[in-house]
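Everything below concerns the one structure shown next.
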Amino acid sequence: MAATRVMVSVSSSSSLLFKAAATPLLKTNRLRPCFNTHNRLVSSNRFFTCRALYKPDFQIKEEGQPETLDYRVFFVDNSGGRFCSIELHVYTVQVSPWHDVPLHVGDGTFNFIVEIPKESSAKMEVATDEIYTPIKQDTKKGNLRYYPYNINWNYGLLPQTWEDPSLANPDVDGAFGDNDPVDVVEIGESHGKVGQLMKVKPLGCLAMIDEGELDWKIVAISLDDPRASLGTLMAIRDWFRDYKIPDGKPANKFGLGNKAANK
Numbered sequence: 011m012a013a014t015r016v017m018v019s020v021s022s023s024s025s026l027l028f029k030a031a032a033t034p035l036l037k038t039n040r041l042r043p044c045f046n047t048h049n050r051l052v053s054s055n056r057f058f059t060c061r062a063l064y065k066p067d068f069q070i071k072e073e074g075q076p077e078t079l080d081y082r083v084f085f086v087d088n089s090g091g092r093f094c095s096i097e098l099h100v101y102t103v104q105v106s107p108w109h110d111v112p113l114h115v116g117d118g119t120f121n122f123i124v125e126i127p128k129e130s131s132a133k134m135e136v137a138t139d140e141i142y143t144p145i146k147q148d149t150k151k152g153n154l155r156y157y158p159y160n161i162n163w164n165y166g167l168l169p170q171t172w173e174d175p176s177l178a179n180p181d182v183d184g185a186f187g188d189n190d191p192v193d194v195v196e197i198g199e200s201h202g203k204v205g206q207l208m209k210v211k212p213l214g215c216l217a218m219i220d221e222g223e224l225d226w227k228i229v230a231i232s233l234d235d236p237r238a239s240l241g242t243l244m245a246i247r248d249w250f251r252d253y254k255i256p257d258g259k260p261a262n263k264f265g266l267g268n269k270a271a272n273k
C-alpha cells in the first residue's frame, strides 16, 4: 500500500512524524522539533504553535468581510477570554486549527475542520504561513481564487497532519508531498460552515497528483450521517481530476491505478 509521511503535533515543543499506509494515520516514526512555547517561529516558517487541546472547546472569530483579501476565520479558546492585541500585553486565547485541535477522537474516528462548505466555490484554506494559521481565501496574483464550479461536499483538513515535501512516494509515481495538511472530503448530507469541527470516519482515500505533488484526499463521513457509496468515491475522483480544465490546464492524475484505497 502506498506510504506517505505526516506531521502530528504531540507537545508544546515538538511534533511527531510518522510513516504509514495510504491513509497516513497509524504508525509513529520519529520526532522533529518545530515549535517553542512562545508562539514564535523556530525552525520552519510553516509552523507557529503546538499546544494540543485534548478536549477542544473553541469558538470561531471572524475578521473582515467574506470574499475579501482581509477576511480571516480565527479559532479562539472558549474559556471566556477574548483576543487582545500584543501591544496591550493581554494574554491571548487564540489557537491554531492546524496545530491545536487534536487529530484523534478514538475508535477509528478523527476531527475534521471544514475550510470549504458544501456547494460553495470560494477556495478557502488554512493560512499555513500566518501565526495561528487562520482560515482565509486563497489568492493568485493578488486575486481571490474560486473553483470553476461548486464543490459538492464539505472540504477541509485533518488537524496536526502534514504531507512531507521531502518524501518521494514510490507507490505513487515518486511524487513528493505538497507541504500542506492532509485534505478531507466529507460526503454527508449536511452543509458545513467555515471553521466547523466535525467528527468523521474515514472511508477511503484518493492519491491525487497535482502538478507533480502528492495531494491525498481522505474521503470520510460525519458520525452524524453514516452513509456512503462507491459511486460517491468515484464522483469525488472525477471532480478533483477535472476542476482545472476550465482554466486551460490538464486534468489532474491519480496514483494507485486511478482507484480509491480503502485503508
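In this text, residue positions in the sequence shown follow this note's numbering: the first is 11, and each later residue adds one.
The beta carbon of each residue, even a glycine, is placed where N, CA and C say it ideally should be.
The structure presented is a predicted model; accordingly, all values stated were derived computationally and were not measured.
Rounded to whole angstroms, Val210 and Ile255 show a C-alpha spacing of 30 Å. Exposure of His201 is indicated by the presence of fewer than 16 other C-beta atoms within 10 angstroms of its C-beta. Per DSSP, reduced to three states, the secondary structure at Ala178 is strand. Under DSSP, Val83 forms a beta bridge with Glu72, Ile145. Judged by their CB atoms, Val124 and Lys203 are nearer to each other than the 8 Å cut-off.
Nearest Cα to Asp80 within the set Asn153, Val105, Ser176: Asn153. Between Pro169 and Pro212, the gap from beta carbon to beta carbon reaches 8 Å or more. It is roughly 17 Å from the alpha-carbon of Gly187 to the alpha-carbon of Phe250. Of the other Cβ atoms in all chains shown, 16 or more fall within 10 Å of the Cβ of Arg247; this residue is therefore buried. With distances taken between CA atoms, Asn121 lies nearest to Leu233 out of Asp252, Arg82, Leu233, Ile141.
Minimum Cα-Cα distance from Trp226 among the listed residues Thr171, Ser131, Lys146 corresponds to Thr171. Going by beta carbons, Asp193 and Ile141 fall outside the 8 Å limit. Nearest neighbour of Gln104 by Cα position, chosen from Lys133, His114, Ser130, Pro144, turns out to be Pro144.
Residue range 223-232 is occupied by the beta strand (DSSP E) that includes Ala230. If you ignore the 5 residues before and after Glu72, its C-beta comes within less than 7 Å of the C-beta of Val83, all in its own chain and listed in chain order. In this chain, the beta strand (DSSP E) harbouring Pro158 covers 156-161.
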